[in-house]
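Student: Have a look at this one before I ask anything.
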Amino acid sequence: GDSVTQMEGPVTLSEEAFLTINCTYTATGYPSLFWYVQYPGEGLQLLLKATKADDKGSNKGFEATYRKETTSFHLEKGSVQVSDSAVYFCALRSITGNQFYFGTGTSLTVIP
Amino acid sequence: DTAVSQTPKYLVTQMGNDKSIKCEQNLGHDTMYWYKQDSKKFLKIMFSYNNKELIINETVPNRFSPKSPDKAHLNLHINSLELGDSAVYFCASSRRGGSLDTQYFGPGTRLTVL
Chain A
1 GDSVTQMEGP VTLSEEAFLT INCTYTATGY PSLFWYVQYP GEGLQLLLKA TKADDKGSNK
61 GFEATYRKET TSFHLEKGSV QVSDSAVYFC ALRSITGNQF YFGTGTSLTV IP
Chain B
1001 DTAVSQTPKY LVTQMGNDKS IKCEQNLGHD TMYWYKQDSK KFLKIMFSYN NKELIINETV
1061 PNRFSPKSPD KAHLNLHINS LELGDSAVYF CASSRRGGSL DTQYFGPGTR LTVL
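Order-wise, the sequence lines are chains A and B.
Mapping the first sequence onto the working numbering, position 106 (from 1) lands on 106, and the numbers just tick up by one.
Mapping the second sequence onto the working numbering, position 71 (from 1) lands on 1071, and the numbers just tick up by one.
Written out as structure tokens, the structure reads:
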């Protein structure tokens, strides 16, 4: 069945450091891929998405490229800020049904 | 206007009690979901309703029962609460059909069972 695997945290970075959170998926066909962010005490919010191979989703300085050949959707940001501290979830929406699959979440802490 | 709302935000109760969490969305979506998030932030889907019909029912205890009076509401009723039910419960909604549409999440309900 479809699934998502993302790197385990927690991740701690200094402000302005480069961020990569790895995400790989297993799915039939070409699912849509998403990154969600959960700030402390809040619900999940969509950060970015990509719906077909080679698409790049971007938002708030974050980027992720849909790589069909490596079945990956890694999240990157060139210079993180303290306000980026949150839990990040990789997810996919199956093409076969109305189902979403989430990774286990990666906690990011950015220190000044 | 809040897109997906849940009440209450916090719920503290004793073991053995019965409680409900309400969810409403004003996005015109036809599919709604309940997720449970444990203390390690792992997100587990519990139920999904599409046009008032259950379409996913993961292996959750039958003490949990979703109720959908209409497609804008999906309430979660929990009988005989146990310590292990303590978690944050999130409601979400989406449009059915096509892989383009994302889910929108509510703010969560933190349930603490004493």
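Even glycine gets a Cβ: it sits at the ideal position worked out from N, Cα and C.
All values reported here derive from a predicted model rather than from experimental measurement.
Start and end of the beta strand (DSSP E) containing I95(A)?
Tutor: Here the question's residue 95(A) lines up with position 95 in the first sequence. From DSSP, I95(A) is part of no beta strand (DSSP E); its letter is neither H nor E.
Student: Using a threshold of 9 Å, state whether the C-beta atoms of C90(A) and L108(A) are closer than that.
Tutor: In the first sequence, counting from the first residue as 1, residue 90(A) sits at position 90. In the first sequence, counting from the first residue as 1, residue 108(A) sits at position 108. Not closer than 9 Å, so no.
Student: Across the segment 1077-1084 of chain B and the segment 1043-1058 of chain B, are there enough close Cβ pairs to call them in contact, namely three or more that are closer than 8 Å?
Tutor: no
Student: By the 10 Å Cβ neighbour count, where 16 or more other Cβ atoms means buried, how is Q45(A) classified, buried or exposed?
Tutor: As a first step, residue 45(A) is located in the first sequence; it is residue number 45 there, counting from the start. Q45(A) should be labelled exposed.
Student: Quick check: is the beta carbon of S107(A) nearer than 9 Å to any beta carbon in chain B?
Tutor: On the first sequence, residue 107(A) is found 107 positions in, with the first residue counted as 1. Closer than 9 Å to some Cβ of chain B, the Cβ of S107(A) qualifies, so yes.
Student: For V80(A), which of helix, strand or coil comes out of DSSP?
Tutor: By 1-based counting over the first sequence, the position of residue 80(A) is 80. If DSSP states are grouped into helix, strand and coil, V80(A) belongs with coil.
Student: Once the 5 residues before and after G9(A) are set aside, which same chain residues still bring their CB inside 6 Å of it?
Tutor: For the purposes of this step, residue 9(A) is identified with residue 9 of the first sequence, where counting begins at 1. In chain order, T106 and S107 place their CB closer than 6 Å to the CB of G9(A), counting only its own chain and leaving out the 5 sequence neighbours on each side.
Student: Is the distance from the Cβ of S79(A) to the Cβ of Y25(A) below 9 Å?
Tutor: Against the first sequence, residue 79(A) aligns to sequence position 79. Against the first sequence, residue 25(A) aligns to sequence position 25. Going by beta carbons, S79(A) and Y25(A) fall outside the 9 Å limit.
Student: Measuring straight from C-alpha to C-alpha, what distance separates D54(A) and Y66(A)?
Tutor: Start at 1 with the first residue of the first sequence, and residue 54(A) comes out as number 54. Start at 1 with the first residue of the first sequence, and residue 66(A) comes out as number 66. Cα-Cα distance, rounded: 5 Å.
Student: So, is Y1089(B) buried or exposed, given that buried needs 16 or more other C-beta atoms within 10 angstroms?
Tutor: The sequence position of residue 1089(B) within the second sequence is 89, counting from 1. It is buried - the Cβ of Y1089(B) has at least 16 other Cβ atoms within 10 Å.
Student: Say whether the segment 1061-1078 of chain B touches the segment 1009-1028 of chain B, bearing in mind that this needs 3 or more beta-carbon pairs closer than 8 Å, one atom from each stretch.
Tutor: yes
Student: Could you tell me which of N1079(B), Y1033(B) and E1058(B) sits nearest to S1005(B), measuring between CA atoms?
Tutor: In the second sequence, residue 1005(B) corresponds to position 5, counting from 1. With distances taken between Cα atoms, S1005(B) lies closest to Y1033(B).
Student: Is G1(A) close to chain B, meaning its C-beta is less than 9 Å from at least one C-beta of that chain?
Tutor: Walking along the first sequence from the start, residue 1(A) turns up at place 1. For G1(A), the answer is no, since every Cβ of chain B falls outside 9 Å of its Cβ.
Student: Along the chain, where does the beta strand (DSSP E) that runs through D1070(B) open and close?
Tutor: Position 70 of the second sequence, counted from the first residue, corresponds to residue 1070(B). Unbroken beta strand (DSSP E) run through D1070(B): F1064 to D1070.
Student: Are any of the Cβ atoms in chain B nearer than 9 Å to that of Y66(A)?
Tutor: As a working note, residue 66(A) is residue 66 in the first sequence. For Y66(A), the answer is no, since every Cβ of chain B falls outside 9 Å of its Cβ.
Student: Quick check on the DSSP output: the beta strand (DSSP E) that includes A50(A) runs from which residue to which?
Tutor: Counting from 1 along the first sequence, the entry for residue 50(A) is found at position 50. A50(A) -> beta strand (DSSP E) spans L44 to A50.
Student: I think Y88(A) touches I21(A), with their Cβ atoms under 8 Å apart; what is that distance to the nearest whole Å?
Tutor: Locating residue 88(A) in the first sequence gives position 88, counting from the first residue. Locating residue 21(A) in the first sequence gives position 21, counting from the first residue. Right, the Cβ-Cβ distance comes to about 6 Å (below 8 Å), so this counts as a contact.
Student: Helix, strand or coil: how does DSSP classify G137(A) here?
Tutor: Outside the shown range of chain A, which is 1 to 112, sits residue 137(A), and nothing can be said about it.
Student: Provide the residue span of the beta strand (DSSP E) that contains K1024(B), from first to last.
Tutor: Here residue 1024(B) refers to the residue found at position 24 of the second sequence. First, the amino acid is wrong: residue 1024(B) is Glu here, not Lys. Note, E1024(B): beta strand (DSSP E), K1019 to Q1025.
Student: Do you know whose CA, among D1070(B), K1040(B), Y1035(B) and T1109(B), lies nearest V1060(B)'s CA?
Tutor: Taking the first residue of the second sequence as position 1, residue 1060(B) is located at position 60. Of the candidates D1070(B), K1040(B), Y1035(B) and T1109(B), the one whose C-alpha sits nearest the C-alpha of V1060(B) is Y1035(B).
Student: Please decide whether T1059(B) counts as near chain A, where near means a Cβ-Cβ distance under 9 Å.
Tutor: Here the question's residue 1059(B) lines up with position 59 in the second sequence. No, because no Cβ of chain A sits closer than 9 Å to the Cβ of T1059(B).
Student: Report the partner residues of A64(A) according to the DSSP bridge assignment.
Tutor: As a first step, residue 64(A) must be located in the first sequence, where it is residue number 64. Beta-bridge pairing links A64(A) to G57(A) and L75(A).
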